[in-house]
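Down below is the structure, laid out as structure tokens.
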Amino acid sequence: MNTTSNKSGQASSRLGPVRVGLLGIGTVGAGTFSVLTRNQNEITRRAGRGIEIAAVADLDVARAREIVGDRAQVVGDAFALVKDPSIDVVVELIGGYGVARELVMQAIQNGKHVVTANKALLAVHGNEIFAAAREKGVMVAFEAAVAGGIPIIKALREGLTANRIEWIAGIINGTTNFILSEMREKGSSFESVLKEAQRLGYAEADPTFDIEGVDAAHKATIMSAIAFGIPVQFDRAHVEGIASLQAEDIRYAEQLGYRIKLLGITRRREQGIELRVHPTLIPTKRLIANVEGAMNAVWVKGDAVGHTMYYGKGAGAEPTASAVVADLVDVTRTLTVDPGNRVPHLAFQPDAMADLPILPITEVQTAYYLRLRVSDQTGVLADITRILADAKISIDAALQREPAEGEQQTDIILLTHVTLEKQCNDAIARIEALPTVLSRVIRIRLEDLN
Ligand code: HSE
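Everything in the sequence shown is counted per my numbering, starting at 157 for the first residue and increasing by one.
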């Protein structure tokens, strides 16, 4: 392709602009339209060709027209757009796995490249979608699906390609990180912070996927596939959210030098891959422990590079558009490249994928924070530590709350060294059977991330 630069620095090419069909012009769609329009010159200079949103499909046609004016065609029927022979690339910003899946599959069947921000779709149906795309020789790009504006897919798939990746731990849901930050700073309960977050518009009216860890698990599933060259396996991920987290555990963790974050973790073990999302204690001195509010961060350990961290906005109109447009530039640059020479969807060549199993949560190895409500009497701690010693679980730190005057009960907090989850479960069952242990043991996993 013959591309030259004119005096204003604007790239020109003998080829016309790449024609994009945008499915869904909500927050991210509007952001994508505005970034592409505003940075047109820079983007063309980088891509070697113009990229224009030629058509937009949205159920709310009037609102879509208000956003794009007469700069793009607006239609109500997205299926018409994925059939339109003049469209080169489809950007899917509808979300979910219903109609979005149909549209993406039809776009691929019609030979169109796809850019999507849809983590749920790829985490659940990614294997089928990537196989169809390979068959048709088209790209499915999804930088915006994980951690919004942070280029983590690019980093894992290309920047770190020399490495044997050992593990990834990410704060990959802004809503829950905002809630946890507020709970810690204000000492408030989960319920009251959630209400406040909804009032301020940070949390969705229905925040179930965020709160229950499902959104983070979708993203962790995608990163796991790319890091280890395994198929996406959302159904094997262990998922726990933050709804049952109590303010006092955040406070005790702080006293012991830890912060609690909702982490998406994936780690290579000899026997298979850990893939889990749950509240996690991490040492306050780690950089990632200090990621507060709605920000996202991903911490990656590679054997050659060591630790690297990627930080930024994981949601929002323009941060997510930044990732969508980056994918559009990537697709544009490789339009003329032999499909076999493109970066594979999941970073590894499709015939070189590994069949490492995702380990069940009982086989996971991690450390634990245990909070026990006990009778304040002689020998209680000795009974508990004996059970842990019998299970070969070693204690790293302990804290006992001073009982208030006249109070007959107290809290004991124990931090363990790394152990197998099923061993920890057995020990907890034995501890809960002690007559001096007065309620269920609160158990939160702990990762040193070193
Ligand atoms: N709802 C997500 C979050 C953003 O709170 O981070 C989109 O994945």
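Beta carbons are placed, not taken as given, at the ideal position from N, Cα and C, and that holds for glycine.
Being a predicted model, the structure only gives us computed values, none of them experimental.
Check	Outcome
Would you mind working out which of Gly-185, Thr-183, Arg-194, Ile-199 sits nearest Thr-488, comparing C-alpha positions?	Ile-199
Indicate whether Ile-250 and Leu-312 have their beta-carbon atoms separated by less than 8 Å.	no
Would you say Thr-183 touches ligand 1, meaning its beta carbon is less than 7 Å from a heavy atom?	no
In its own chain, which residues sit with a C-beta less than 6 Å from the C-beta of Glu-396, not counting the 5 before and 5 after it?	Gly-369, His-434
Got a sec: does ligand 1 put a non-hydrogen atom nearer than 7 Å to the Cβ of Gly-420?	no
With H, G and I counted as helix, E and B as strand and the rest as coil, what does DSSP make of Lys-375?	helix
With 16 as the cutoff for other CB atoms within 10 Å, does Val-461 come out buried or exposed?	exposed
Pull up the CB-CB distance for Thr-101 and Phe-390, whole angstroms please, since I reckon it's below 8 Å.	With the chain running from 157 to 606 in the structure shown, residue 101 is simply not present.
Using a 10 Å radius around the Cβ and a threshold of 16 neighbouring Cβ atoms, would you call Thr-160 buried or exposed?	For Thr-160, the predicted structure reports a pLDDT of 42, less than 50, and the residue's modelled location is therefore unreliable. A value from the coordinates is still provided. So Thr-160 counts as exposed.
At the level of alpha carbons, what is the spacing between Val-224 and Ala-409?	50 Å
CA-CA distance, Ala-301 and Val-574?	32 Å
Nearest-angstrom Cα distance between Gly-326 and Met-379?	10 Å
Give every residue of the same chain whose Cβ lies closer than 6 Å to the Cβ of Thr-621, excluding the five residues on either side of it in the sequence, and list them in chain order.	Any answer about residue 621 is impossible in this case: the structure gives the chain only from 157 up to 606.
DSSP three-state label for Pro-591, please.	coil
Alpha carbons only, please: which of Ile-600, Ala-560, Val-388 is nearest the one belonging to Ser-400?	Ile-600
If you follow the alpha helix (DSSP H) that Ala-409 is part of, which residue opens it and which one closes it?	403-411
Could you tell me if Thr-440 is buried or exposed, where buried requires 16 or more neighbouring beta carbons within 10 angstroms of its beta carbon?	exposed
May I ask whether a heavy atom of ligand 2 can be found less than 7 Å away from the beta carbon of Asn-329?	The model on display carries ligand 1 but not ligand 2.
Could you check how far apart the C-beta atoms of Ala-203 and Val-454 are, in whole angstroms? I think they sit under 8 Å.	That pair is no contact at about 26 Å.
Between Leu-590, Asp-507, Met-339, which lies nearest to Gly-385 when the distance is taken from Cα to Cα?	Asp-507
By the DSSP assignment, the beta strand (DSSP E) with His-463 in it spans what residues?	462-469
Return the chain-ordered list of same chain residues with a C-beta closer than 6 Å to the C-beta of Met-295, the five sequence neighbours on each side being excluded.	His-269, Val-487
Following a CB-centred definition, is Ala-471 positioned closer than 7 Å to any heavy atom of ligand 1?	yes
Let me check one thing: in DSSP terms, what residues is Thr-572 bridge-paired to?	Ile-551
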